[in-house]
Amino acid sequence: LADINVKGKPTKALVHFDRNGFGYTLDRTNGALLVAEKYDPKVNWATHVDMKTGRPQVVSKYSTAQNGPDVNTKGVCPAALGSKDQQPAAFDPETKLFYVPTNHVCMDYEPFKVEYTAGQPYVGATLSMFPAPGSHGGMGNYITWDAGTGKIVQSHAEKFSVWSGALNTAGGLSCYGTLEGYLKCVDKRDINKELFKFKTPSGIIGNVFSYEHKGKQFIGVFSGIGGWAGIGMAAGLEKDQDGLGAVGGYKELSKYTDLGGSLTVFALPN
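Its first residue numbered 6, the sequence shown is counted upward by one per residue in the working numbering.
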């Protein structure tokens with residue numbers, strides 16, 4: 006929830022970053038859809054959102070439903086894990102921008118018919134994941150987003166998906182964690198200006214948090230590789246297509262971090 010200008014008009018807004026790659030801005034007083042734009046530039050499964058119906062306009066080439074079973078639909082963006090998963094974005098009341106950790110990942114997707122068995126996981130598809138083609142070669146971006154216009158203001162490339170939540174402070178910081186295990190704090194007005202970086206013992210999928218104790222501010226984060234992106238390391242999986250393709254997509258992750266869980270806390274200077 007944020008009070009922002011939407012197309013020049015003060016609005017009590019509700020903003021949602023969907024896994025489908027579109028960022029939605031609604032009028033929270035009446036539910037009207039005001040903005041729906043791609044927050045990852047490589048999203049290709051739909052051209053746009055119909056503002057009257059709210060439905061994305063699907064590109065047939067990338068529709069696994071239309072292409073049917075046993076057809077390998079290639080180059081679908083985003084991948085099944087979405088342009089963003091559960092990791093929360095941050096809204097800054099000073100800059101009036103959202104700070105969004107994203108996945109910059111595409112996939113090949115081949116569905117097949119499968120029968121449901123109670124108590125057993127099933128998907129009915131073979132997937133492979135890879136960095137978005139024609140981009141910076143990495144699998145993640147940390148972006149600032151203007152929800153009033155539906156535009157990316159700034160973007161900072163990361164080698165892997167940014168799977169942690171974002172935290173902004175009144176002192177000018179924007180902080181997030183990386184799958185390699187770095188806690189990074191950047192200038193919230195210029196997210197490509199790195200102010201602090203620390204390598205924690207394991208990859209970060211937890212959310213950066215802040216608290217005050219005895220008049221001093223602290224910033225902390227839980228590290229411990231896991232989640233969908235880190236399932237290969239966490240579960241000891243080796244086949245590229247395991248973890249719905251995440252094992253192959255993130256197979257280099259083991260070169261950059263280790264297993265284990267830790268809490269790391271930093272005191273901010275006075």
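Virtual Cβ for every residue (Gly too), placed ideally from N, Cα, C.
From this set, the options, which residue's C-alpha is nearest residue i's C-alpha?
| i | options | result |
| --- | --- | --- |
| A18 | V81, P98, E243 and Q71 | P98 |
| M2 | K198, N275 and A37 | Absent from the model: residue 2. The displayed extent of the chain is 6 to 275, so no value can be given. |
| G253 | Y67, G241 and V213 | G241 |
| A137 | C82, Y127, I148 and T107 | C82 |
| Q222 | T122, A272, L264 and C180 | A272 |
| V20 | G13, K14, G26 and R33 | R33 |
| L102 | G177, F214 and K89 | G177 |
| K202 | G225, T122, F117 and L264 | G225 |
| G278 | L6, P15, K198 and D113 | For the chain, the structure presents residues 6 to 275; residue 278 sits outside this window and is missing. |
| G28 | T69, V63 and G87 | G87 |
| G265 | G231, N49, A123 and E199 | G231 |
| S267 | T131, E199, L188 and S259 | L188 |
| Y2 | N35, G248, N77 and E199 | Outside the modelled stretch of the chain, which goes from 6 to 275, sits residue 2, for which no answer is possible. |
Can you give the Cα-Cα distance for residue i and residue j, rounded to whole angstroms?
| i | j | result |
| --- | --- | --- |
| E217 | T269 | 15 Å |
| V54 | N146 | 22 Å |
| T100 | P46 | 22 Å |
| G139 | V110 | 12 Å |
| A84 | F135 | 8 Å |
| G129 | Q159 | 38 Å |
| T205 | W233 | 20 Å |
| N10 | A162 | 27 Å |
| K12 | G153 | 6 Å |
| N212 | T52 | 32 Å |
| G143 | N275 | 36 Å |
| F96 | G237 | 32 Å |
| K156 | S179 | 19 Å |
| D263 | V119 | 36 Å |
| N108 | I210 | 13 Å |
| P15 | A7 | 10 Å |
| Q246 | G235 | 14 Å |
| G116 | E243 | Before going on, a small fix: residue 116 reads as Pro here, not Gly. So the alpha carbons of these two residues sit roughly 21 Å apart. |
| L132 | R194 | 38 Å |
| G208 | E185 | 5 Å |
| F22 | Q92 | 10 Å |
Can you tell me whether residue i is buried or exposed? The criterion is at least 16 other CB atoms within 10 Å of its CB, across all chains shown.
| i | result |
| --- | --- |
| S65 | exposed |
| K43 | buried |
| D192 | exposed |
| P61 | buried |
| T183 | buried |
| D151 | buried |
| G229 | buried |
| Y104 | buried |
| G170 | buried |
| N173 | buried |
| P106 | buried |
According to DSSP, what are the bridge partners of residue i?
| i | result |
| --- | --- |
| A42 | Contrary to the premise, residue 42 reads as Glu rather than Ala in this sequence. Partner(s): G28. |
| E2 | What is shown of the chain runs 6 to 275, which leaves residue 2 out entirely. |
| S133 | D113 |
| W150 | F103 and I157 |
| P138 | BP columns for P138 are empty, so no partner. |
| D8 | K17 |
| D23 | DSSP, once it has assigned bridges, lists no residue as partnering D23. |
| G182 | L188 |
| S267 | S228 |
| A272 | F223 |
What do you reckon, is the C-beta of residue i under 7 Å from a heavy atom of the ligand SAH?
| i | result |
| --- | --- |
| A130 | The ligand SAH is not part of this structure, which contains no ligands at all. |
Runs of alpha helix (DSSP H) lying entirely within the segment 187-256, each at least 4 residues, in chain order: Those alpha helix (DSSP H) runs which fall completely within the segment 187-256 and span 4+ residues are 236-240 and 251-254.
Please go through the segment 36-109 and give each complete beta strand (DSSP E) segment of 3 or more residues, from N-terminal end onward. The segment 36-109 contains these whole beta strand (DSSP E) runs: 38-43, 51-54, 61-63, 78-81, 95-97 and 102-108.
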